[in-house]
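What follows is a single structure, written as structure tokens, with notes after it.
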Amino acid sequence: MPASFKNKIKIISALMLFGLIGCKSTPTTPIAPSFAEGKTVYSISNLHADPKGNRLFALNYQLPNLIPVCSKFVIKSTATKVIEVEHAGTNYKYFWDSHTRKAGETLQENFKAYFAPSCAAIKTHISELSSIDKKGIQRGTPIVGMSKEGVLIALGRPPIHANPNLDATSWTYWSNRWSRFIIEFNSKGEISEIIK
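According to full-length UniProt numbering, the sequence shown is numbered sequentially starting from 1.
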């Protein structure tokens, strides 16, 4: 894999984990000040919410209610296993799960993989991506030919318990609790196949 591509993945990963350095939390410690109750945050990837219960999951299920990247949220409350946020007049609950916990990622760390105090860097980065990446981001779905960077913004980070290393040539996502799909990447870091 070319060094420039690895650097781009590192940059996107850093953007998606904005604010983690020096802010490691445990499940019982308060959320970092920039992620406290009443603060405004922005989605740094598309979010796929459960339309029935207005739920978001740390496991990042690819559910049908698409909330676009850079959407504005207000943190309403934080707890050990759930963070409540409001977007466009609707309250959503962001749930932590045992798989993510067992992989060593706290709720706060996981939340910061999808939300940041600003979305400016992500907007700039999207403008530099290919047209196929932009199409996938707009749809919130993977498309053959998309880059790993595009997938991270279109779908969010794949669940850490099944995908600890983003340099891997395949990523597994869950559509819901019962169904998953695998994205295969070629040597250029572009989607070569989507296995459902």
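Cβ atoms here follow ideal geometry from the backbone N, Cα and C, with glycine treated the same way.
Values in this document were obtained by computation on a predicted structure and should not be read as measured data.
Could you check what DSSP says for residue i in three-state terms: helix, strand or coil?
i      : result
LYS102 : helix
GLU109 : helix
THR90  : strand
ALA154 : helix
ILE143 : coil
LYS76  : strand
ILE21  : With a pLDDT of only 29 at ILE21, under the threshold of 50, the placement of this residue in the model should not be trusted; the figure read from the coordinates follows. Note: ILE21 maps to coil in three-state DSSP.
SER43  : strand
GLU149 : helix
SER127 : helix
SER71  : coil
LYS188 : coil
Which one or two residues does DSSP pair with residue i in a beta bridge?
i           : result
residue 246 : For the chain, the structure presents residues 1 to 196; residue 246 sits outside this window and is missing.
PHE194      : Note that residue 194 is Ile in the sequence shown here, rather than Phe. Partner(s): ILE183.
ASN65       : ALA49
ALA162      : DSSP output for ALA162 lists no bridge partner at all.
ILE122      : Its beta-bridge partners do not exist; DSSP assigns none.
ARG55       : ASP50, LYS93
TRP174      : ARG180
ALA116      : TYR42
LEU84       : Per the sequence shown, the amino acid found at residue 84 is Glu instead of Leu. Paired residue(s): SER77, LYS93.
Taking the alpha-carbon of residue i as reference, which of the options has the nearest alpha-carbon?
i      : options                       : result
ALA49  : SER127, TRP174, SER192        : TRP174
GLN138 : ALA58, SER71, PHE57           : SER71
LYS196 : GLU184, SER34, PRO164, GLU128 : GLU184
ALA168 : ARG177, PRO158, ASN176        : PRO158
GLY37  : ILE67, SER45, ILE83           : Position check: residue 37 holds Glu in this sequence, whereas Gly was assumed. Answer by Cα proximity: ILE83.
LEU166 : ARG177, LEU129, LYS148        : LYS148
ARG177 : PHE57, ASN46, SER45           : PHE57
SER98  : SER45, SER43, ALA162          : ALA162
LEU107 : PHE115, ILE143, PHE95, SER118 : PHE95
Considering only the beta carbon of each residue, do residue i and residue j sit closer than 9 Å?
i      : j      : result
GLY145 : LYS134 : no
ILE75  : THR40  : yes
PHE35  : PHE111 : yes
GLY141 : LEU155 : Rather than Gly, the amino acid found at residue 141 in this sequence is Thr. Cβ distance < 9 Å, so THR141 and LEU155 count as in contact.
VAL85  : ILE126 : no
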